[in-house]
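If you use mature numbering (1 follows the signal peptide of the UniProt record, and there is no 0), the sequence shown corresponds to residues -21 to -1, 1 to 385, in order. Below you'll find the structure, written out as structure tokens, and then a few comments.
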Amino acid sequence: MGSFLLVVCGVASGLAPPGWREEARAAALVAGNMIGGGILAVPTAAHAMGASAAGVEIGALWAVNVATGLMLAEVASDGSSLREMAHARLGAWASHGTSIAFLGSNALLLGAYASEGGEAARLLSHGGESLVWPCAFAAACGALCGTERGVADANAAAVATMAACLAVMLATWLPYCAPLPPFGLDLEAAVDAAPVVTSALVFQNVVPVIARDLGSDKARTRRAVVLGSAFPALAYVAFTASILGRLGDEVVYGADGLIDPLAALPDEAKPISAIALGIFSLCAVATSFVGTALSQEHELRTLVDDRTAKLAALGPPLALALAGPHDLFFDAIAICGALANPLLFGALPVALFLAPHHIARAKRVLFDIKNIPTAFAISSDGDTLRFELTNATALGVGKNAVLERV
């Protein structure tokens, strides 16, 4: 964690070499997108299976996401968006399906982030209930998306701020945690938590963006994917354990449907924890919102002009945040984790990565005459009818020869 923070701080201060600054900004974008608002929902989803099993599930699903993220990094030069990559490698129908699933899930998540970000801002400022909070949050994050350099620097600063707040929370909360129980897997609880954990760990939607920013350099993109996602994975495990490890029999839920991390703390630990948690939550949701909005705009720009893309990226999610229920955040993450994410960031990267291999293999099978049976013979021996396939090359005929049927 310390080395990652040094890189991020070096990027923010301009001390790192130019090449590393670009790579570290890309890693920070991955980290900010992955350690975003979803981290707030994981303890609620994982409560039934306990901290030990939750840590194992987070590690396993992170490894899967890294694998598919690296697959996307290998094929990102085929297009600047998932839709373009799907069109180049899988065809028009795959492109249309990818675009619909990607835009729909991003719109749902952006609405959830706007709702939760507004709630985090309200709690941090001790304000009253108002529709102003989601609007102000979405407007502030939308303004950050105006310049790519501004996004990169603000995102790096937010990631460093989240790391500092997480360190404060862990130092305050861990002394009150009970020892972790022996590992035991409740399969039903693990399956129930998987959609939320999967959705929370997603970062692959920004891989086309960072690949473009790094000049389609596959090696640099791979490093950004691995380094940028490693710190958030550890943060997820630590944050979840620090909450689940001190919960008693009675669990208190907030208005947003999430477990209240402050409820089981003694009074003397609550003031500093409330400040650190508020800043952490606001930065986490903001980085998720910005990363998702960037990928949404990036996708929409392949369909419409830049101005329309920005309006289409931010308008519908804001309307959803204003009209949706208080627990929209948790439900949206669960829906995307169960439906869209396994398709977009599980099956699709594998299909994109394997497509050239299978296309090349199909061409060899279809067009290499040595592999195609082109003649057959039938002979009868008593009651036995024997079929024999013969290769044209073995017969000594050319590729264009016509074999007559006798």
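Note that CB positions come from ideal geometry on N, CA and C, so glycine has one too.
task = Measure the beta-carbon distance from L89 to P321 and round it to whole angstroms, keeping in mind my assumption that it falls under 8 angstroms.
result = If you number the sequence shown from 1, residue 89 lands on position 110. If you number the sequence shown from 1, residue 321 lands on position 342. That pair is no contact at about 20 angstroms.
DSSP three-state assignment for I258, whether helix, strand or coil = The residue you call residue 258 lines up with position 279 of the sequence shown. Correct three-state label for I258: helix.
message = If I follow the unbroken alpha helix (DSSP H) through L88, where does it start and stop?
response = Numbered from 1 along the sequence shown, position 109 holds the residue referred to as residue 88. First-last of the alpha helix (DSSP H) with L88: 71 to 104.
ask   = For R(-1), which of R202, A214, V283, V329 has the nearest alpha-carbon?
value = Residue mapping note: residue -1 aligns to position 21 of the sequence shown, counting from 1. Closest option to R(-1), Cα to Cα, is R202.
Beta bridge counterpart(s) of I238 as assigned by DSSP = Start at 1 with the first residue of the sequence shown, and residue 238 comes out as number 259. According to DSSP, which records beta bridges pairwise, I238 is partnered with Y232.
task = Would you mind reading off the limits of the alpha helix (DSSP H) that contains L299?
result = For the purposes of this step, residue 299 is identified with residue 320 of the sequence shown, where counting begins at 1. 285 to 302 is the span of the alpha helix (DSSP H), which, as asked, contains L299.
query = Between A150 and V231, what straight-line distance do the alpha-carbon atoms span, to the nearest angstrom?
reply = Counting from one through the sequence shown, the residue named residue 150 turns up at place 171. Counting from one through the sequence shown, the residue named residue 231 turns up at place 252. Cα to Cα, the separation comes out at about 22 angstroms.
query = So, S195 versus A55, is the Cβ gap smaller than 8 angstroms?
reply = Here residue 195 is taken as the residue at index 216 of the sequence shown, counted from 1. Here residue 55 is taken as the residue at index 76 of the sequence shown, counted from 1. Yes, these two residues count as a Cβ contact at 8 angstroms.
task = Please report the residue range of the alpha helix (DSSP H) in which R280 lies.
result = Counting from 1 along the sequence shown, the entry for residue 280 is found at position 301. No alpha helix (DSSP H) holds R280; DSSP gives it neither H nor E.
Between the CA atoms of H66 and A146 - distance to the nearest angstrom = Taking the sequence shown and counting its residues from 1, the one referred to as residue 146 is at position 167. Taking the sequence shown and counting its residues from 1, the one referred to as residue 66 is at position 87. In a straight line, the C-alpha of A146 is about 44 angstroms away from that of H66.
inquiry  = Less than 8 angstroms between the C-beta atoms of C120 and F268, yes or no?
reply    = Counted from its first residue, the sequence shown places residue 120 at position 141. Counted from its first residue, the sequence shown places residue 268 at position 289. A contact, by the Cβ cut-off of 8 angstroms.
ask   = Any chance the region 23 to 43 sits against the region 240 to 250, with 3 or more Cβ pairs inside 8 angstroms?
value = no
query = Per DSSP, what kind of secondary structure is D171 in: helix, strand or coil?
reply = Here residue 171 refers to the residue found at position 192 when the sequence shown is read from its first residue. Reduced to three states, the DSSP call for D171 is helix.
ask   = Where do the ends of the alpha helix (DSSP H) carrying G48 lie?
value = For this step, residue 48 is matched to residue 69 along the sequence shown. Taken as a continuous stretch (DSSP letters only), the alpha helix (DSSP H) holding G48 covers 29 to 54.
Contacts around N134, its chain only, beta-carbon distance under 7 angstroms, and the 5 residues preceding and following it disregarded = Walking along the sequence shown from the start, residue 134 turns up at place 155. Closer than 7 angstroms at Cβ, skipping near neighbours: A7, L8, G11, T266, V269.
message = Is the separation between the beta-carbon of A33 and that of L223 shorter than 8 angstroms?
response = In the sequence shown, the residue the question calls residue 33 occupies position 54. In the sequence shown, the residue the question calls residue 223 occupies position 244. For A33 and L223, yes; Cβs fall inside 8 angstroms.
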